[in-house]
Structures are given as C-alpha cells and as structure tokens.
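J.: Before I ask anything, here is the structure I am working with.
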Amino acid sequence: MTAPTRQPHHPPPPPGRAPTTSPIQRYLEGLHARFADHREGTVASYIPELARADPDWFAIAIATVDGQVYQVGDSQQPFTLQSISKPLVYGLALAEHGVDAVLAKVGVEPSGEAFNSISLEPVTGRPLNPMINAGAIAVSSLIGGTDAAAREQRILDCFGGYTGHPMAIDTAVYASESRTGHRNRALAHLMRNFGIIEGDPERGLDLYFRQCAVQVDCRDLALMAACLANQGVNPLTGVRALGADDVVRVLSVMASCGMYDYSGGWLYRVGMPAKSGVGGGIIAVLPGQVGVAVFSPRLDARGNSSRGLAVCEQLAADFDLHLFHASRATAAAVIRARFDASQVSSGRRRRLAERRLLAAEGRRILVYELQGELGIGAAESLVHALFGRLEGVSTLILDLGRVVQIDQAAARLLAELARDIAASGRTLLLPGAGEQRALVDCVGARWPAAADQPLLRFATLAGALAWAEDQLLQPLTPRRPNPATATPGDNDLCQDLSAADRARLTALATRVTYAAGAVVFGPGAAAEALFLIASGEFEVLRPVSGDAPQHLAILGPGMVFGELSLATGAPRTTQVQARTAGVCWQVPFAAIDAELAARLRAGITRRLVEQLSAATRALDLLR
Numbered sequence: 002m003t004a005p006t007r008q009p010h011h012p013p014p015p016p017g018r019a020p021t022t023s024p025i026q027r028y029l030e031g032l033h034a035r036f037a038d039h040r041e042g043t044v045a046s047y048i049p050e051l052a053r054a055d056p057d058w059f060a061i062a063i064a065t066v067d068g069q070v071y072q073v074g075d076s077q078q079p080f081t082l083q084s085i086s087k088p089l090v091y092g093l094a095l096a097e098h099g100v101d102a103v104l105a106k107v108g109v110e111p112s113g114e115a116f117n118s119i120s121l122e123p124v125t126g127r128p129l130n131p132m133i134n135a136g137a138i139a140v141s142s143l144i145g146g147t148d149a150a151a152r153e154q155r156i157l158d159c160f161g162g163y164t165g166h167p168m169a170i171d172t173a174v175y176a177s178e179s180r181t182g183h184r185n186r187a188l189a190h191l192m193r194n195f196g197i198i199e200g201d202p203e204r205g206l207d208l209y210f211r212q213c214a215v216q217v218d219c220r221d222l223a224l225m226a227a228c229l230a231n232q233g234v235n236p237l238t239g240v241r242a243l244g245a246d247d248v249v250r251v252l253s254v255m256a257s258c259g260m261y262d263y264s265g266g267w268l269y270r271v272g273m274p275a276k277s278g279v280g281g282g283i284i285a286v287l288p289g290q291v292g293v294a295v296f297s298p299r300l301d302a303r304g305n306s307s308r309g310l311a312v313c314e315q316l317a318a319d320f321d322l323h324l325f326h327a328s329r330a331t332a333a334a335v336i337r338a339r340f341d342a343s344q345v346s347s348g349r350r351r352r353l354a355e356r357r358l359l360a361a362e363g364r365r366i367l368v369y370e371l372q373g374e375l376g377i378g379a380a381e382s383l384v385h386a387l388f389g390r391l392e393g394v395s396t397l398i399l400d401l402g403r404v405v406q407i408d409q410a411a412a413r414l415l416a417e418l419a420r421d422i423a424a425s426g427r428t429l430l431l432p433g434a435g436e437q438r439a440l441v442d443c444v445g446a447r448w449p450a451a452a453d454q455p456l457l458r459f460a461t462l463a464g465a466l467a468w469a470e471d472q473l474l475q476p477l478t479p480r481r482p483n484p485a486t487a488t489p490g491d492n493d494l495c496q497d498l499s500a501a502d503r504a505r506l507t508a509l510a511t512r513v514t515y516a517a518g519a520v521v522f523g524p525g526a527a528a529e530a531l532f533l534i535a536s537g538e539f540e541v542l543r544p545v546s547g548d549a550p551q552h553l554a555i556l557g558p559g560m561v562f563g564e565l566s567l568a569t570g571a572p573r574t575t576q577v578q579a580r581t582a583g584v585c586w587q588v589p590f591a592a593i594d595a596e597l598a599a600r601l602r603a604g605i606t607r608r609l610v611e612q613l614s615a616a617t618r619a620l621d622l623l624r
C-alpha cells in the first residue's frame, strides 16, 4: 500500500485585528461633522442665566435598550433640562395619583400654541396638556412630599432612576428662572383661581422652577429616552423608573404635544415621541429600540433647538426611524442560535482527517442564526456583541434564512459591518440575504466592491457553511493520494484496520470506472457490495414520490458508500450516481470473510455513533 504524503498541520495565520468601532459611532461622528457649521437660531435670553450658554456647543447621543451608549461632540457639557423635565414629572404624577386624578387636573389635547401660552379650557381652567408650561406647573403641584426639600428630592430621585446616577439642581439657573418667571407665576395663580391647583400655588411653581433647573448632559438625555424606549426600565442599571402602562401614556403625550406648535410637523417628518427644552436639548424615543438626544443651544422661533431639529430629521431619514415603520425586536429576540464549525457542521460528508481538523480549528468559523424582524436596535446590539467574539475568527456567517424583515437602518448597519469585516481580513457571509431587498440594495450602494465578494452568494446556511469549511480546510488538509496509485486501504473505512486486513480487503476489490451521470445503484436494488471511492464525486439521492429525488450528500475520494447494507443486509434505499467521472473499488459482500466483516461492521458502527453524537450536539445548540 502506498501511504499518503502528509503536509504538516500549520493553522493559517490569524486575520487582522477585529473591528472595534461600531458603525453607529462612525455614523454619529459623520453626522456631527455634517452639521458642525449649522448656526441658525439664537440662544434663549428670556432666562438670563441661559444666555450664558456657548451657542456652538453641540452633542449627539444614542442609547439602545440593550444598554449601549454612543456619543459625539460636547456630550459631557452640563446644561439644564428645562421642559424636557415635563414628561418625566408627568409620569411621576401618574404613578403617584393614577390616571383619573391627573386627567382631572391636566388634559392631553395638543394646544397648537407656544410653550408659554395660556392654553386653559375656558370653563374649567384645566390646562390642555402637560407639555405646555401651565400643564407642567399643574402637574408639579401634584407631586407629594412633607416639605419643599422632600418634594425636590422626590423629583431628583425620579430623574436619577432614568440616568442611573444622582442628580443636582443648577442653583444659578433656578434663581434666574424664579426671579424672572412672572408669566409662569401668573399662570399658577390663575389655575389656583379655577381650583386646578389646590393650596399655595407657589409650592408647585417653585418645584417646577427647580425641575427645569436640574443639570444634565447629552448622555443623560439619551439614557432618559432609552429608559422610555425600554418600557420604563433603565437599560444600564435595570432599575424601573416608570411603570410600563404609564410609559405608554407619557409617550402618547410626547408624540402629540411634545414639540409645542411644531408637534404635527415633527411627527410627520421625524415620527418619534419627543420633547425639547429651551436649554437646547431634544430627546426622541423609538419604542423598543433606542433613545436619541441632541444638544445645541441655538433655538428657533418656537423654542426648539434649531440644529437639534435638523439632526433628528436627518437621523430619522437615514435610518428610517419613523414610529410607524419601526420593528420592535432586540438582539435577544433575533438571535436564534450561535455556534462555530467545531460544534455544528454543514452536513457535507467529509473524510476523517477533515472532520478532525474541523473539530480542532472549526472555532475559526462563527455562525449566528437570526430570526424575526431586524431593526436598528437589534442590529446595533448584534454588531456590538460580534465585536467581542471576532478574535481568532476568519469567517463570520449571519444566517438570514429565518429573518422576515430587515429595515433600512439595520440594512445600513449590516452593510457597514460587511465592509469592516472585510477590511480586517475576515469574510462575512449572509446566506438568505437574497430575500431582503433593502439589504441587497444598501450593500450595493454603500459597498460596491461586495459584488466581488462571497457576501451574498449563498441561499442557505448549509451552502455558506460548507464553503467556509472548504476555505478553512484547504491549507490544512493532508494531500490526497494520487488516484493512479491509490489503494482501497487508503479509504477512511480502513483507518482502524491492521495492515493485514487492509491487504486482504485490497485483494478482494475490483476497480470500476464510472462516467459522469452513471447510476451505481438505485433504491430497491439488492445490496451486494460496498464501494470505496478512489477519484471523482458521487451523489447520494433519496427518492421522493411524485417529485425530484432529494439530495442527501456528495462523496469524494477516500470515502465509502453502500457499506450500511453490510450490517443490515437490507436492499438499497437510496440512489448513488457519479456526479463527475470517477473510479471506485468495489468489494463484494460475499467475498468478505466473517472476521473481516465483523471488524468492518465495528468501524461502520463507530462512524454512525460519531455522526449521531454530532447531530445530538447540534440539536442541543439549536434548541
């Protein structure tokens, strides 16, 4: 017997450094640069302390419901909440008093007027909604506490639940607002006259001035918005800041009234519940996915951040974040399974040496099976999770076969991810992507070079995984014997046989040549021999009544077929035909003596047990 020449087993060099910068972070940096020269509007001056703000301060932050925070610009610059405090305190009042009690004092109808308008119902004196100053003052008057300090702490604790850290009041801004807030003071006394505010109107008014003067930064705002997006739970701390039912009520009022007399235009163009403040902040909420915050002190005529509006409109357009387009899935919902090629194989039949190499090196191929709807929140957290797992990985496969929809935002992130993966020397495969038109179009637009990559080549996970296995095995696999000099003893079936048994088997074998397409045997045929492949490829098919045969496997040199009947004695149940021209060693069952047959059956049994164990492990991972 001629022993095969083996190459030394040297793993391929590792790919380059894994990408670490999220596509969202890079996008925010580009967005910030794009609007850096936007200087429309003026800083609020009716509150003297606010006029001290640098008009060029500019920050953007995004926080996801999975707890990732992205920020750019002056994101740590302190400023005051102002009217962004209104929905948070409204939620606190709902939690303390219930819906009916709060609705008795404040309505939920848009006013269509400025934030400081006197929008009261003519008979009852009830403010139209809690987002205008009159409604917010009425809401603040509902907050309980034994004294002013207790009520203030109640507000600070509430806000701290949203941000995850203790909050404080900018006393200079508070004093400035209290000293110049004559219109708000008049509103409070007017509502006291109607009985909307009970007791001393100065109590609720003072608390209102204090809540507006709470100091935050842009990152805090993003977390506040993400908390509302996450059904009231802080995505970083896990602390519930507001009950889920009250979150729905708060977001409803933000959607209809949060941007004052621009609320309709905002919902039409941007499409997210939002709230602005004259300090220059804006928060926007995409329920179930992300919270967005922008800080820029220059205001338009309505009191909204001029640059903030422009940034939010661009962000919503780029990622299709409109409330009525958004999916609700997170990464936890879309990741069905995660495994590598040492745990689950493609199902392609391989030689023993190849199977051993995949067991040792298969971790270089990482697979995520995805499902459901893939939106920006799920895509972002998926990308973030991937960055921590790419060291040592040469091929990443994201199976989209069970994904029913990929929105524009997720498509953009996946296209950016593909480009980053390629730049790091790795390969990304997206089997099933052909059904996702938004993704295919986005990849073509943002990464034209993808046409020369295998990114979108495969329709199924099995095909993509088989290709990745081939790429991994090619530099590692021992050189196959020359078909002209190969013997039956080179076959995997003979690996555990002694030299004497191999010689006996070789003496029994007859070399048979098959043309491409030739049928070796079909279902129902008598089982009379086993076949050891010397060269070429042979396909195993299962008959299907009234339909084309089902493909089961492709077998190549060094592999065997027809051997199971040696153990069972049953007729053939499959069809085997030559996929290419090939040569087999045919060994008649009748010529195999009892001792050799027993050892061959033992080897067949070991292979079946190995295959069953691998299938069981795969099922456990995929549950």
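For the sequence shown, our numbering assigns the number 624 to the last residue and increments by one with no breaks. Heads up, the beta-carbon is just placed ideally off N, CA and C, and yes, glycines get one too.
Could you give the uninterrupted runs of the alpha helix (DSSP H) lying entirely in the region 144–188, keeping only those of 4 residues or more?
T.: Entirely contained in the region 144–188, the alpha helix (DSSP H) runs reaching 4 residues are, in chain order, 149–164 and 172–181.
J.: Starting from residue 241, follow its DSSP beta bridges and name the residues at the other end.
T.: According to DSSP, residue 241 bridges with 234.
J.: Note down the Cα distance separating residue 245 from residue 95, rounded to an integer number of angstroms.
T.: Roughly 12 Å between the two C-alpha positions.
J.: Quick check: what's the CA-CA separation for residue 287 versus residue 573?
T.: If you take the alpha carbons of residue 287 and residue 573, they lie about 59 Å apart.
J.: Go through the region 34–119 residue by residue and report every complete run of the alpha helix (DSSP H) that reaches 4 residues or more, in order.
T.: You should have 86–98 and 100–106.
J.: Do you know offhand how far residue 54's Cα is from residue 27's?
T.: Using only the alpha carbons, I get a separation of about 27 Å.
J.: Can you check which of these residues, 187, 174 and 580, is closest to residue 517 by C-alpha distance?
T.: Nearest of 187, 174 and 580 to residue 517, Cα basis: 580.
J.: Name the two residues that bound the continuous beta strand (DSSP E) containing residue 523.
T.: From DSSP, residue 523 is part of no beta strand (DSSP E); its letter is neither H nor E.
J.: So what's residue 459 in DSSP terms, helix, strand or just coil?
T.: Coil, per DSSP.
J.: From the DSSP secondary-structure annotation, give me the bridge partner or partners of residue 552.
T.: Answer is 542, bridged to residue 552.
J.: Looking at residue 42 and residue 270, is the spacing between their C-beta atoms short of 9 Å?
T.: No; because the gap between Cβ atoms is not below 9 Å, this pair is not in contact.
J.: What does the Cβ neighbour count give for residue 161, buried or exposed, with the cut at 16 atoms within 10 Å?
T.: Buried.
J.: Grab the span of the alpha helix (DSSP H) containing residue 319 for me, first residue to last.
T.: 307–320 is the extent of the alpha helix (DSSP H) around residue 319.
J.: If you measure between the beta carbons of residue 347 and residue 226, is that distance less than 9 Å?
T.: Contact flag unset, no.
J.: Would you list, in sequence order, the uninterrupted beta strand (DSSP E) runs of no fewer than 3 residues that lie entirely inside the region 426–472?
T.: Counting whole runs of 3 or more residues, the region 426–472 contains the beta strand (DSSP E) stretches 428–430.
J.: Determine the contact status of residue 24 and residue 538, defining contact as a CB-CB distance below 9 Å.
T.: Not in contact: residue 24 and residue 538 (Cβ atoms no closer than 9 Å).
J.: How many Å lie between residue 606 and residue 437 at the Cα?
T.: Roughly 43 Å separates the two Cα atoms.
J.: Roughly how many whole angstroms lie between the Cα atoms of residue 232 and residue 223?
T.: Taking the straight line joining both Cα atoms gives about 15 Å.
J.: Select from 143, 74 and 82 the residue whose C-alpha is nearest the C-alpha of residue 103.
T.: Nearest option by C-alpha distance: 143.
J.: Taking the continuous alpha helix (DSSP H) assigned at residue 417, which residues delimit it?
T.: Element bounds for residue 417: 409–424.
J.: Opposite residue 197 in the DSSP bridges: which residues?
T.: Answer is none; residue 197 lacks a bridge partner.
J.: Pick out whichever of 33, 590 and 70 has its Cα sitting closest to the Cα of residue 291.
T.: Answer by Cα proximity: 70.
J.: Excluding the five sequence neighbours on either side, which residues of its own chain have a C-beta within less than 6 Å of the C-beta of residue 511, listed in chain order?
T.: 587.
J.: With 16 other CB atoms within 10 Å as the buried threshold, where does residue 428 fall?
T.: Buried: at least 16 other Cβ atoms inside 10 Å.
J.: Out of 585, 570, 589 and 562, which one is the CA nearest neighbour of residue 576?
T.: Ranking 585, 570, 589 and 562 by Cα distance to residue 576 puts 562 first.
J.: Check the Cβ-Cβ distances between residue 173 and every residue of chain C, and say whether any is below 9 Å.
T.: No chain C appears in this structure, which consists of one protein chain only.
J.: Could you check whether the region 352–360 touches the region 385–396, counting it as contact only if at least three pairs of C-beta atoms, one from each stretch, sit closer than 8 Å?
T.: In short, these stretches do not touch, since the Cβ pair count stays below three.
J.: How many Å lie between residue 293 and residue 306 at the Cα?
T.: So the alpha carbons of these two residues sit roughly 14 Å apart.
J.: Express the C-alpha separation of residue 280 and residue 258 in angstroms, rounding to a whole number.
T.: Approximately 18 Å between the Cα atoms of the pair.
J.: Do you know whose CA, among 547, 78 and 389, lies nearest residue 295's CA?
T.: Cα-wise, what sits closest to residue 295 is 78.
J.: Would you tell me roughly how many angstroms separate the C-alpha atoms of residue 84 and residue 214, rounded to the nearest one?
T.: Going from the Cα of residue 84 to the Cα of residue 214 covers about 9 Å.
J.: Measure the CB-CB distance between residue 465 and residue 398 and report whether it falls below 9 Å.
T.: Yes, these two residues count as a Cβ contact at 9 Å.
J.: With distances taken Cα to Cα, identify the nearest neighbour of residue 31 among 45, 20, 40 and 62.
T.: Of the listed residues, the one whose Cα sits closest to residue 31 is 62.
J.: Do residue 448 and residue 459 come within 9 Å of each other at the CB atom, strictly closer than that value?
T.: Taking 9 Å as the Cβ cut-off, residue 459 and residue 448 do not qualify as a contacting pair.
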